[in-house]
Structures are given as C-alpha cells and as structure tokens.
Amino acid sequence: MDLKNRDIISINDFSKEELLHILKVVKQVESNPKNNLLKGKILAALFFEPSTRTRLSFISSMEQLSGTIIGFSTANVTSIQKGESLWDTIKMTGQYADVIVIRHPLEGSARLAAEAASIPVINGGDGSNQHPTQTMLDLYTIQKTKGRLENLHIGFVGDLKYGRTVHSLVIALANFNPTFYFIAPDDLQMPESYLDELFQKKVKYHKTSDLTRFSKELDVLYVTRIQKERFPDPLEYEKFKGIYRIDGAFLQHVKKDLKIMHPLPRIDEIDKSIDNTEHAAYFGQAANGIPVRKALLALVLGKIK
Amino acid sequence: MAKKKAKNKTHIKRKERIKPKKVIPNAPKEETKRELKISAIEEGTVIDHIPTDAAFKIVEILDLENQKGIVSIATNLQSKSIGKKGIIKVGGKSLTQDEVNKIAIVAPDATVNIIKNYYVKEKIKVKTPEIIDNVVKCSNPVCITNNEQVPTKFYVAKKDPLKIKCHYCERSMGKDDIEII
Ligand SMILES: [Zn+2]
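Chains A and B, in that order, give the protein sequences.
Counting in numbering that gives the first Met the number 0, the first sequence runs from 0 upward without gaps.
Counting in numbering that gives the first Met the number 0, the second sequence runs from 0 upward without gaps.
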C-alpha cells in the first residue's frame, strides 16, 4: 500500500485496510524511531486559528524526524487579512514546502486546500467537520490498550451532538463490528444522520441518558467535555454541566479492563483519582499524537510505504 | 453568487389559450389538449410534469432568463399523476442530458421532449446525477463554499427522497434545505 502524496482530509476517505495499514506504520514508528527520516523535508504549518496542542504535536513530530517547519500560527500575521484567498495562499505555500498541515475555522477548507496544492495536505481540523489525525490517534489508542479493534463494546458519554471527535471515531470504528453505547441527555444525543449511517452499516448501538445502565458491558468509555460555548443560554449549560462524572463510585460498576479515553482538556468529567488507575488511557492517548503524526508525515512524503 | 431574478425578461404566458398554428400530428390526444394551454414551439425543448412549485427553480437552474429564444412557463396546470404541474417550453434550444439531469434535483419525474419542426424528435428521461456541480448552495453558513469563491459540489447519497452531501464540509442536506445558486 502506498500513501505517498495522499491527502489526509477526512476519515471518510480511508478504507478499513488503509486504516489498519496506517496503524501498523504508527506502531513501527513508535517502536523504532528513525530520527533522520524526514531530513531535508519542509512542513508548512498553516494555522488560521490557534490550536496549541495540534500545532505543537505536528511541529514536534517533524522536528523529531529532522524535518524543517515554516508557517504561521494565526491568520492575522499573513496576507489573509489583505484579502488573499485561501486558494492563492495554498498555491503559494506549495512552492516552499513538501507537505502542508492546515487548521482553519471554515468547514471544507482543508478539502479546498488539497485541491489547490500539488503537495500533500493534512487536515489539522476544519471547523467542526473533521480532524482525522485525532481520529487516527484515538483508533491507535484503542488498538494499543485493548490489543484489538474488532468486536469491542464502546461507550461515548458527554456532548455527542456537537462532538466532532466522537462523530469521526464512530464512523472509523464502524469498520470493526463494534457495539456502541451513546450516553447523553436527549438534547446532546448523537445526530440522526450518524445513527442513520450506522443503521445502514448494520452497526449495533444503544442510546441512553443513564451512565451506569450499560457500564458493565463496556470495553472502552470515550468521555467528552460539555462545552459552554455550545449553549446560547447559560442556564442550559448549568443544566448539563457536570451531569456525568467518572469517579471512584462509577468504577464499582465496570469491567476490570475498561479503558477510559478523553480527547483532553477535561474540566471535571473525570475525577483526578482515576488518573492513577489501570482504567486511565487518556494521557497515553494524548502522547500517541506524536507517533501517529510522525507516521502520517512519513507516509505522505513517501518515506515509509 | 446569487443571481438576480430577471423574470420580466422572460416571456411568461400563464395559462394562455392560444391555438397552435399547427396541430402536433404525433402527439397523444391528452397531450394535445394540454399543449393548447401554452403555445407550441417549432424548435426547442418542452419540459413537462414539473411539480408546480419547481418551475421557476428550473428557470434558474437552466439560466433560462438569459435565453435568446422564447421561454414560456405555465404553472398550476391540472395533472392526473402529480396533481398540479408546470410546463416550460424553451424555443430554439435543445437541452443536453447533463442539463436535463440538473432538473432532477427539483423535478425528478419531469419528462423532457426535444422538438424539431413541431414534432417530438426525442424524449429524454431525467436521471438524478451522482454528482451535482455548481447548482446547489450549501446550507452550512460556515462551509468554505459560502465564504470563498469556489464552485459547489455535492454527492447524491440518496435519490428518493433526495439527500445530498457537500464535497467540502461533508454536511448532508435534504430536499427542503436545497437552495439553487
Ligand atoms: Zn458545504
């Protein structure tokens, strides 16, 4: 399988075989880091909105492989303010770099960038649409901590309506015969369009607002933050804030090998007392961002097949 | 970019009862009766069985307001199969299959007749295309296509009822969200 020059825009663009191949390469990169792999290669990191974690993760990945980084971290320092189109900015950047990472608040911007550029483009998040490298590191974390991806019982709790990470991960996991448990109040449940898609793919799922109802079934629990900025009315936010809390009491009702994930940062969804238990996978999950991004950079630059 | 409607440029003849100069020799009887409600054309295209509220959308989709020939539009005609229907006649222009397929977005059951010398020379069936290029506006305000000059592109996910997905922002749209550019 050759992913040279491939754009990484949406998890929907990848087949099961391609996902498994990428995960295999991540494992290879993690266990055997070749530190000069991207020597002489230039990454253009175009961050049209701030995202410290994603940006640092890409920069660190590139530097660890001896590559060079150019770019900017907010839109206001570029010619964008002078009215240059995204298309032109990307065309121009393509002259100076070997690969582009783009983070942009508008949805579909990364797809457009990929069409404008002759070099591979990696989507570092386009509004609330896609963030494929996050999805791939989530998949890798599940595979690494559970030893497999097939036939898992996976719960998602929190804001499932707006949670981009949840939507993409659900679609990616649908390839592996999962059973899903969507745990959220009605107002924050999974959008119908995703449930339709799961139904069409014959994926089993349960919906509930009760955190403990299926807790004994779960192999993985993916926790998300309920974001204040989603609610126009602060009272609405107060209603949902803190309704699901993963703490010592909750652990009384779970499998011994349940793994708890969270895209971070957390507010108070997961009690700090969980951090030191075997259940906590979220710090490892965050750390997996580096091998995943290294592997993707090496793959699209044709340095690993 | 939103085009201004210039309906006054179009020759609109609603429910006119003008006798055609020539009777269409090969048309079925029922068809002949209907044809009387709107003037017959010598050369061009007749689009029939349009849901009555879609007629003006088709004018937009096919950019008929900028046609040189006569364009006649009739709406609120009685139809046995679809209740109220519309008919559009475009003088001097034969629609291509691609153009016909664009109509499918708003009128999936329309029939298209290419007319030569008052005869129906060819009937084209409307087929919902797999990809809809630059006809529909994305309903997502934060989609890149609504913020940068870029032609829209949609994939048809489901034909009936129509469900399309934006190539750029990946948002799905149903029939009711569809707005023509
Ligand atoms: Zn869109």
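Glycine included, every Cβ here is placed at the ideal spot set by N, Cα and C.
| Query | Result |
| --- | --- |
| Which of helix, strand or coil DSSP assigns to F71/A | strand |
| Given Y95/A as reference, the closest of T134/A, A43/A and Y193/A once Cα atoms are compared | A43/A |
| Contact set between V149/B and chain C, taken where Cβ atoms lie within less than 8 Å | Looking for chain C here will not work: the only protein chains present are A and B. |
| Under 7 Å from the C-beta of N128/A: neighbouring residues of chain B | C168 and E169 |
| Close Cβ partners of I259/A (< 7 Å) along its chain, the five nearest in sequence each way excluded | L220, V222, I245, I269, I273, H278, A279, A280 and Y281 |
| A286/A classed as buried or exposed, judged by whether at least 16 other C-beta atoms fall within 10 angstroms | exposed |
| Endpoints, the alpha helix (DSSP H) within which S78/B is located | From DSSP, S78/B is part of no alpha helix (DSSP H) but of the beta strand (DSSP E) over V70 to S78. |
| Segment contact flag, the segment 46-54 of chain A with the segment 114-134 of chain B, C-beta cutoff 8 Å, min 3 pairs | no |
| Closest Cα partner of D218/A within the set E149/A, F198/A and E228/A | E149/A |
| Amino acids of chain B, ordered along the chain, whose beta-carbon sits closer than 8 Å to that of E106/A | N139, V141, C142, I143, Y167, C168, E169 and R170 |
| C-alpha gap between K23/A and K240/A, whole angstroms | 39 Å |
| Distance, T74/B Cα to K36/B Cα | Confidence at K36/B is low in this model, with a pLDDT of 46, below 50, so the placement of that residue should be treated as unreliable; the coordinate-derived value is given next. Whole-angstrom Cα-Cα distance: 10 Å. |
| Same chain only: Cβ atoms within 7 Å of G162/A, ignoring 5 sequence neighbours per side | T223 |
| Nonlocal neighbours in the same chain, by C-beta distance under 6 Å from A109/A, ignoring five residues either side | I8, I101, N122 and D125 |
| For E268/A, three-class secondary structure by DSSP | coil |
| Under 8 Å between C-beta atoms of T151/B and V135/B | yes |
| Uninterrupted alpha helix (DSSP H) stretches inside the segment 155-193 of chain A (no shorter than 4 residues) | 163-172 |
| Which of helix, strand or coil DSSP assigns to G173/B | strand |
| Residues of its chain near T357/A, where Cβ-Cβ distance is below 8 Å and the 5 sequence neighbours each way are ignored | As shown, chain A starts at 0 and ends at 304. That puts residue 357/A outside it, with no answer to give. |
| Any chain B beta carbon closer than 8 Å to K9/A | According to the sequence displayed, residue 9/A carries Ser and not Lys. With 8 Å as the cut-off, S9/A counts as an interface residue toward chain B. |
| Contacts around T140/A, its chain only, beta-carbon distance under 7 Å, and the 5 residues preceding and following it disregarded | M260, A280, G283, Q284 and N287 |
| Alpha carbon of H166/B to alpha carbon of F230/A, nearest angstrom | 28 Å |
| DSSP state of L210/A mapped onto helix, strand, coil | coil |
| Neighbour flag for D176/B against chain A, beta carbons, 8 Å | no |
| Buried or exposed (CB count within 10 angstroms, at least 16 for buried), N275/A | exposed |
| Cβ-heavy atom distance, R170/B to ligand 1, below 7 Å | yes |
| Three-state secondary structure assigned by DSSP to P195/B | Look at the range of chain B in this structure, 0 to 180, and you will see that residue 195/B is not part of it. |
| Y154/B Cβ short of 7 Å to ligand 1 heavy atom set | no |
| Nearest-angstrom Cα separation, counted from Y204/A out to E62/A | 42 Å |
| Where Q251/A falls, given that 16 or more other Cβ within 10 Å makes a residue buried | exposed |
| Boundaries of the alpha helix (DSSP H) in which M260/A is found, first to last residue | Counting along the chain, M260/A falls outside any alpha helix (DSSP H), though it belongs to the beta strand (DSSP E) covering K258 to M260. |
| Option in D12/A, S65/A and D6/A with minimal Cα separation from P32/A | S65/A |
| Backbone CA spacing between V149/B and I179/B [nearest angstrom] | 15 Å |
| Chain A within 8 Å of I163/B, Cβ atoms only | no |
| Within chain B, partners of S192/A - CB distance below 8 Å | S171 |
| Cβ-Cβ distance between T44/B and I102/B below 8 Å | no |
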